[in-house]
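Worksheet: the structure to be examined is printed underneath.
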Ligand code: ADP
Ligand code: ZN
């Protein structure tokens, strides 16, 4: 049997566990039940897949999402793990085959839908399988209080009755307390077996932008994120379609997705996205459940979501592979009112709860402190520092004394008998002669036009800040009109000081973002980006020929590590995170060849690539040149060329015959010195001196490499 570390390397190509993974695995292997709470993309699957791989028998995984089942099984198979799934889409013949494999101990993981598990005494059949572990994915479905309750899930409490000795691991990304308590109770899991990992996803950048001009911004954004998959979440079905159409017109592969579409059309769109045949999905929140695509590089919210839970789940679909990914929320206050409107038919209690949740979302959007602090503290985690990866951290806004400015605004509100909403207030302050104002005689007010010096969006920003800091109130039930409160009167009458954050024009803000994007780009190795693109093409070809999504072959993180490190040998390829044994056997050589070709091309163009100089030597050697000839052709020292050949052999090159480059007596002579005086870190100078400087340096190098290969004669 493999150790858990060996299994992680062999099947997944990773060398270290993420936080808590090892502890969870050990807990299962000790025969205990566990409840695991990890954010989307946190690495839950490994927690039951590794125990399955290092134990005898079968791990049965209960999962409610058919699409996800298929993805996971595909991913496992690609890693050389024997896995299968049973649900309503599987034919009877296929099912028989799978069950036979279970009896025969040929399978390590079997995915089951809960419907399947509790149909026609399937439990009886299961009890004949050699089961080592039950894993319950999306365990929050068990709770009536969770956001995705599934009645079938409540029957899972029977598992303990039928299989008292088999450990259960329940996993979910929903952290709320009631749900958690429910899961523990229903599955009889002990509080001491709960594992909660941090919900922070530091690889996701957080940005909020004013909604004005968002379409153009999205188009600009996509043009600087060439070929990167992303999702735009919109509030309405219509806006998903409109936006998709605009993006298509702008030359991008985009499609809409919403619950009003035919099931067939929806699954086709999802499939196209998974396979990178379309780059962008414009979707309502109907999209995403059961999507396991690891290389979503950005998520944009076209409108304000209704609460932080949904928002966090939606942005969580970006960067599941751990690579830096971006999230942008477009915000304007009218979206908030639209959401408030949706709540009006709820019972008073529910409305109060949902309004409170919506308000937290709004606080996030309007924050002038680190946005990640707001998100993380929402999930009851303590945060002790600013994140450095949100727009507030990157461009902290300076505060200024805004008392006069606030007085102007408040006085406009007073003079209109507190009957105006934010929009009208801005127009009065800016003195615009729109009909609705003139009709009411507002253009005759003393305050008309006293705030001309500021742009409308600056006023909008300041009025919002005033609202948030309680300098003015708003009456949602009176056409959102602004109202004065005690603080407002103190500001007006007593000159109470008001401090606000300096508004940044949306244009400035957007330019700054694009500039940062540009800087980030130029820091990256341009070369490795080119190689990354080439590797992506190869990956897509392989994926298409096998009918699987590209990330099943290698995910973006693995591919970009290849592009950055440029492994040129089998050994260094196997060091890349995500290259396990099976994947290496299937694709390793193809990717090595591609990298090799690229490196040679770059070398010929005069670009310096670490390692490419070795390749040129290798190629000349393969063409039949002797080391001396190579040195002459390349105008390099012979010692250097021998050094290249030795290095190539150490990296795994099999076609270089070093032994023929040194005769028997030389080898014996040098070996004596090498064993008496073992070189430290490949430093051969002491050996050279020990031999009295009589032996060629490059011969010592050859003998040394041969010794590492255990060739001593
Ligand atoms: P979840 O189910 O929690 O949403 P997954 O199990 O799908 O997350 O894991 C997310 C990604 O992280 C996958 O691409 C997975 O291969 C990767 N991953 C998991 N564990 C590790 C690890 N120890 N090292 C590197 N990558 C990992
Ligand atoms: Zn921050």
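Residue numbers (our numbering): 49 to 761. Quick reminder that beta carbons are idealized off the backbone N, C-alpha and C, glycines included.
| query | result |
| --- | --- |
| Sequence-distant residues of its chain with Cβ nearer than 8 Å to residue 668 (five each side left out) | 677, 678, 681, 682 |
| Closer than 6 Å: residue 439 CB and nearest the ligand ZN heavy atom | no |
| Stretch-stretch touch, CB-based, cutoff 8 Å, three pairs: the segment 125-133 with the segment 203-213 | no |
| With 16 other Cβ atoms within 10 Å as the buried cut-off, status of residue 326 | buried |
| Minimum C-alpha distance to residue 178 - residue among 649, 107, 162, 113 | 107 |
| Coarse secondary structure for residue 396, derived from DSSP in three states | helix |
| The segment 442-451 in contact with the segment 467-474 per 3-pair CB rule at 8 Å | no |
| Where residue 466 falls: helix, strand or coil (DSSP) | coil |
| Selection from 635, 580, 631, 308 that minimises the alpha carbon distance to residue 647 | 580 |
| Integer Cβ distance of residue 600 from residue 591, believed to fall under 8 Å | 7 Å |
| Residue 441 in three-state terms, based on DSSP | helix |
| Distance cut-off 6 Å: residue 342 Cβ against heavy atoms of the ligand ADP | yes |
| Any non-hydrogen atom of the ligand ZN closer than 6 Å to residue 119 Cβ | no |
| Enclosing alpha helix (DSSP H) for residue 736 [first to last residue] | 733-738 |
| Proximity to residue 794 [Cα-Cα], best of 226, 710, 302, 174 | With the chain running from 49 to 761 in the structure shown, residue 794 is simply not present. |
| Environment of residue 571 [buried if 16+ CB atoms lie within 10 Å] | Caution is warranted here: a pLDDT of 38 is assigned to residue 571, below 50, making its placement in the model unreliable, and the coordinate value is therefore given only provisionally. Residue 571 should be labelled exposed. |
| Segment contact flag, the segment 375-384 with the segment 306-326, C-beta cutoff 8 Å, min 3 pairs | no |
| Residue 467: CB within 6 Å of a non-hydrogen atom of the ligand ADP | no |
| Of the listed residues 158, 707, 302, 77, nearest to residue 763 (C-alpha basis) | No statement about residue 763 is possible, as the shown extent of the chain runs from 49 to 761 and does not include it. |
| CA-to-CA distance, residue 427 to residue 355, given in whole angstroms | 12 Å |
| Contact the segment 82-100 vs the segment 240-252: 3+ CB pairs below 8 Å | yes |
| Sequence-distant residues of the same chain with beta carbon closer than 6 Å to residue 544, five excluded per side | 538 |
| Ordered list of beta strand (DSSP E) runs contained in the segment 304-342, each at least 3 residues | 328-331 |
| Boundaries (first-last residue) of the alpha helix (DSSP H) holding residue 96 | 93-102 |
| Validate contact between the segment 716-723 and the segment 748-755 using beta carbons, cut 8 Å, 3 pairs | yes |
| Contact the segment 494-506 vs the segment 475-484: 3+ CB pairs below 8 Å | yes |
| CA-to-CA distance, residue 735 to residue 742, given in whole angstroms | 11 Å |
| DSSP three-state assignment for residue 82, whether helix, strand or coil | strand |
| Residue environment, residue 465, which counts as buried when at least 16 other CB atoms sit within 10 Å | exposed |
| Beta-carbon proximity of residue 187 to residue 216, cut-off 7 Å | no |
| Beta-carbon proximity check, residue 753 vs residue 687, cutoff 7 Å | no |
| Any non-hydrogen atom of the ligand ADP closer than 6 Å to residue 88 Cβ | yes |
| Selected residue, minimal CA-CA separation from residue 324, among 274, 349, 370 | 274 |
| Distance cut-off 6 Å: residue 420 Cβ against heavy atoms of the ligand ZN | yes |
| Residue 259 in three-state terms, based on DSSP | coil |
| Given 8 Å, three or more beta-carbon pairs between the segment 264-274 and the segment 247-256 | no |
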